[in-house]
Amino acid sequence: MRFFLPILLLTAPCLARATDDRVGDPAIHFENDVLPVLGRYGCNTSGCHGKAEGQGGFKLSVFASDPEADFAALTKEGRGRRVLPTSPDESLLLRKASGRVAHGGGTKLPAGNDDYRVLRAWIAAGTPVGSPDAPRVVALRVEPAERVMGQKAEQQLKVFAKYTDGSEKDVTRHCRFQSNTEAVASVGAGGAVSTHDVPGEAAVMAAYLGEVGLFRVVVPRPGVPVQNTLPQFNLIDKLVDAKLAKLNVAPSDVCSDADFLRRAFLDLTGTLPTTEEARSFLSDRAKDKRAKLVESLLDRPEFADLWALRWADLLRVDREPLGHQRAHLYYKWIRGSIAANKPFDQFARELVTAEGPVNEVGPTNFFKVVTKPGEIAGTISQVFLGVRIACAECHHHPFDRWKQSDYYGMSAFFSTGPTTHPRTQKPVFAHALGTDMPAADPAGDRRVPLAEWMTKPDNAFFARNLANRVWAWMFGRGLVEPVDDVRATNPPSNPELLDALAKYLVENKFDVRKLIRFIAASRTYQTSAAPNATNEKDERNFSRSYFRRPEAEVLLDMIAQSLGVPEKFTGSPGVTRAVQLWDSKARSDFLKLFGRPNRVTACECERTREPSVSQVLNLLNSTEIQAKLTHEAGTVAKLVRAQKDDVKLIEELYLTFYSRFPTSDETTTGMTHLKKYANNRRAATEDLAWALMNSTEFLFNH
């Protein structure tokens with residue numbers, strides 16, 4: 005039965021307003037009128053009735069992703085007590101929401117306010133579903149779309165929903181809002197944006213009935229406009245400097261040769277330079293020595309070791325489901341591809357379309373680690389496109405445009421049978437993200453057209469994802485962060501730069517080494533970590549180099565290399581460096597403590613880099629590290645025997661641990677210590693080495 009507003013006003017004259025003001029549509033519509041109210045007050049969030057098991061026996065779909073289920077939950081469940089058309093005000097829905105009955109969420113809708121009236125009018129009208137031909141929301145428009153704001157300023161947003169009939173409606177009061185950078189700008193429940201005392205940029209999301217809109221705010225540093233007089237080495241610097249100029253931030257100076265040397269070694273090979281390599285580079289006066297260093301590092305086997313480790317994490321090389329032989333074969337294919345500088349589009353196609361015996365064809369083992377069609381689709385999307393679609397398996401993505409039909413459309417590429425939508429039970433044919441669903445599944449191996457679509461030069465995701473990941477591995481954070489969460493509501497910190505890097509990749513046939521050379525040649529990559537007065541609060545615009553902790557494997561190798569005693573790995577004969585461990589399950593308490601991933605997901609977040617007290621205590625007190633420090637064949641023992649001159653001994657220690665010469669003050673301090681304990685020079689030297697190894701300068705890349 006359908007009730008219209010004129011009838012409702014006759015039967016319930018106490019209502020001043022039964023629906024919100026949508027001109028020309030007097031009918032009450034469940035999806036368009038009721039669900040926005042429930043969303044506005046958080047009823048369908050994961051912290052309330054939207055959680056998997058519901059709350060208090062009442063369950064709603066997350067963010068109204070399943071209107072049919074929500075309608076049934078309100079009108080048919082709970083013995084019909086939730087809505088009482090014969091006595092609307094006695095409906096349990098309204099009694100709890102208005103606080104007349106105890107409610108875990110407290111009072112949400114005081115009786116008489118506009119949203120209370122909407123729900124009451126819907127109930128009094130007989131809880132209609134509404135016309136199936138009613139206009140639906142297809143997009144959101146936020147006003148203003150962007151703005152430059154001062155610090156500690158405010159801006160009220162307005163959000164307009166666009167409907168299928170071309171009409172628009174102000175839906176601000178029913179939107180969900182969220183800022184992606186709270187330190188720069190936060191947003192209240194009503195859409196009021198407040199900036200803080202941190203310069204930068206923030207994106208504020210507005211979400212309404214499955215659609216999202218965006219407001220971007222730039223907050224410059226206050227004061228006199230800065231003058232950036234530093235040279236620009238290539239296009240990267242031009243685009244970074246343009247962004248910094250908007251923020252009134254000046255970049256730090258170019259880093260020293262010693263900083264660049266250590267940074268490039270760690271980023272590209274996961275190793276430290278030897279003392280001989282450090283001396284040679286620091287004494288070299290050639291203007292192109294940094295470019296030559298990068299070129300030489302790219303040709304080393306250690307480069308393939310490190311970058312294979314990174315991709316093996318994401319592609320889940322795991323011996324538990326595969327067994328030792330298959331997992332090693334899978335890893336060898338990854339490392340061999342990197343060593344051969346295989347174009348990345350070819351690499352991705354080979355994996356997505358892999359076929360053949362798992363004992364002979366390495367990439368086929370991916371489908372033995374990730375076996376379910378939905379899980380395969382989610383992993384491929386996250387690793388190669390940077391898009392997370394897993395949550396769309398059950399409901400509309402809360403912060404993006406992806407619906408269940410998108411998730412199952414991707415899943416269908418990896419299914420041998422028909423795929424159906426779990427809610428509508430209608431068939432879903434294989435179609436890529438952001439494309440229209442065809443009338444039937446593609447003939448033959450469905451993975452082939454997916455791989456072709458994915459690696460096309462004009463794909464909106466593929467090149468940008470690769471560019472962003474490479475950038476993140478070289479800078480410690482991506483232009484999009486997290487790197488595998490690309491969406492409209494999490495925009496890149498520098499969109500123009502990400503586009504330029506993606507274009508560079510396409511023009512160079514997805515040659516990853518060329519992209520690395522391009523990035524390493526920029527002043528931005530070669531910027532010092534020392535902040536200046538304008539950029540000390542900048543953490544996402546690359547005005548300076550950021551301190552970042554190396555991967556657990558790299559850190560263990562750094563310690564072993566510096567102390568001159570290789571680590572031994574049980575069950576891994578021939579492996580002398582942790583980075584070479586293809587098996588993430590190889591036992592190592594150090595690697596576990598310092599965040600090595602178990603490779604059970606494709607998420608970068610599985611590898612943890614946050615420092616902890618346990619890590620500090622391990623470095624300070626580890627018996628294994630102490631054994632390396634005092635080993636007769638170790639670095640300290642050799643130096644003490646070879647260097648009778650204390651000045652040269654100290655110099656060698658600094659070159660070993662820091663890849664630089666000591667300052668005069670550091671030399672003086674070291675000399676004082678060695679003279680104080682001259683009767684046990686080796687123990688005194690061990691103390692110096694221990695102190696250098698436990699310093700921030702050694703433990704972090706910068």
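Numbering-wise, our numbering puts 147 at position 143 of the sequence shown, and it's gapless, one number per residue. Ideal Cβ positions, reconstructed from N, Cα and C, are used throughout, including at glycine. Note that this is a predicted model, so its numbers are computed, not measured.
With 16 other Cβ atoms within 10 Å as the buried cut-off, status of residue i
i	result
V640	buried
H328	exposed
D29	Bear in mind that the predicted position of D29 carries a pLDDT of just 34, short of 50, making it too unreliable to give a figure here.
R86	buried
R323	buried
D74	buried
A165	buried
A687	exposed
D649	exposed
R553	buried
N498	buried
D119	buried
Y335	buried
S385	buried
R581	buried
L624	exposed
Spatial neighbours of residue i in its chain, beta-carbon cut-off 7 Å, leaving aside the 5 residues before and after
i	result
E725	With the chain running from 5 to 706 in the structure shown, residue 725 is simply not present.
F264	R294 and Q530
Y508	L519 and F522
E306	T273, G274 and T275
S663	A262, L265, R266, L276, P277 and A282
8 Å contact criterion, which residue i and residue j should meet: CB distance rounded
i	j	result
S547	N539	4 Å
P139	T168	5 Å
A381	F417	7 Å
V191	V208	5 Å
F348	F514	4 Å
L270	V583	The pair is not a contact, with the Cβ atoms about 11 Å apart (cut-off 8 Å).
D410	L437	6 Å
R405	V133	Not really, about 25 Å apart at Cβ, beyond 8 Å.
E94	L88	5 Å
Under 9 Å between C-beta atoms of residue i and residue j
i	j	result
L144	Y45	no
D309	R339	yes
E608	P486	yes
L123	V41	yes
G60	G108	yes
A606	V365	no
P431	R220	no
F689	L659	The residue you asked about is not Phe; residue 689 is Thr in the sequence shown. Their beta carbons are not under 9 Å apart, which means T689 does not touch L659 by this criterion.
H178	G51	no
K396	Q408	Note that residue 396 corresponds to Ala in the displayed sequence, not to Lys. Yes; because the gap between Cβ atoms is below 9 Å, this pair is in contact.
T420	G413	no
T459	R353	yes
A4	I32	An answer regarding residue 4 cannot be provided, because it is not within the stretch 5 to 706 covered by the chain.
V146	L98	no
V223	H200	yes
K55	A77	no
D261	L286	yes
A312	W694	no
M697	I629	yes
V391	R491	yes
Sequence-distant residues of its chain with Cβ nearer than 6 Å to residue i (five each side left out)
i	result
Y529	I523
F7	Legend: pLDDT at F7 = 33, less than 50; position of this residue unreliable, no value from coordinates given.
F573	V579 and A590
L678	D650 and A688
L302	R517
Same chain, Cβ closer than 8 Å to residue i, five either side skipped, listed in chain order
i	result
G110	G103
T279	E656, L659 and T660
T185	G204, E205, A206, A207 and R544
N705	R266, R267, L270, D271, G480, F551, R552, R553 and P554
S532	S256, D257, V258, C259, S260, D263, R548 and S549
H635	L567, G568, V569 and A641
Min CB distance residue i to chain C below 9 Å
i	result
V253	The structure shown contains no chain C; it is built from a single protein chain.
Can we say the segment 636-653 touches the segment 564-575, given the rule of at least three CB pairs closer than 8 Å? yes
Could you say if the segment 457-475 and the segment 515-529 meet the contact criterion of at least three C-beta pairs nearer than 8 Å? yes
Counting pairs of Cβ atoms below 8 Å between the segment 149-158 and the segment 171-178, do you hit three or more? no
Does the segment 542-558 come close enough to the segment 244-257 to have 3 or more Cβ pairs within less than 8 Å? yes
Contact between the segment 653-668 and the segment 594-613: three or more CB pairs below 8 Å? no
For the segment 226-246 and the segment 497-505, state whether three or more C-beta atom pairs, one from each stretch, are separated by less than 8 Å. yes
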